[in-house]
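Q: My questions all concern the structure below.
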Amino acid sequence: MKKVIVLAGPTASGKTSLSIKIAKALNLDVINGDSVAIYKRLDVGSAKITNKEMDGVKHHLLSVVEPGTEYSVYNYQKDVRDLIKKI
485 MKKVIVLAGP TASGKTSLSI KIAKALNLDV INGDSVAIYK RLDVGSAKIT NKEMDGVKHH
545 LLSVVEPGTE YSVYNYQKDV RDLIKKI
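With the first letter of the sequence shown counted as 1, position 77 gets the number 561 in the working numbering; the numbers rise by one all the way through.
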């Protein structure tokens, strides 16, 4: 079974910068866990990571769902589990 590192905490607590440092140090990808950042075009007010902030680290499940499209916790769990198998 693959191991997963989960970073959780309040908004503006440094999760994004820490995720980049860990991903670069361990050669990992990042899977988005932000419920708003998963939606396309909802960048303002979401604190969605920018390409510059990604600093070359591959990110998944960012801007992949059209606003107004039903996307449940079930869908998210399925997508994350599929990604973990592939990464």
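No residue lacks a Cβ here, since even glycine has one placed at the ideal position from N, Cα and C.
Fair warning: this is a prediction, and the values are worked out from it, not measured in the lab.
1. Is the segment 525-539 in contact with the segment 561-569, if contact means three or more CB pairs nearer than 8 Å?
2. Per DSSP, what are the beta-bridge partners of Y523 in this structure?
3. Measuring alpha carbon to alpha carbon, tell me which residue in D539, L526 and V514 is nearest V488.
4. Tell me the rounded alpha-carbon separation between D496 and K536.
5. For V528, list the residues DSSP reports as bridge partners.
A: Concretely, from the data shown:
1. As far as the Cβ criterion goes, the segment 525-539 does not touch the segment 561-569, which means the pair count is below three.
2. Per DSSP, V549.
3. Out of D539, L526 and V514, V514 has the C-alpha closest to the C-alpha of V488.
4. Reading the sequence as shown, one finds Ala at residue 496 and not Asp. Taking the straight line from one Cα to the other gives about 17 Å.
5. BP columns for V528 are empty, so no partner.
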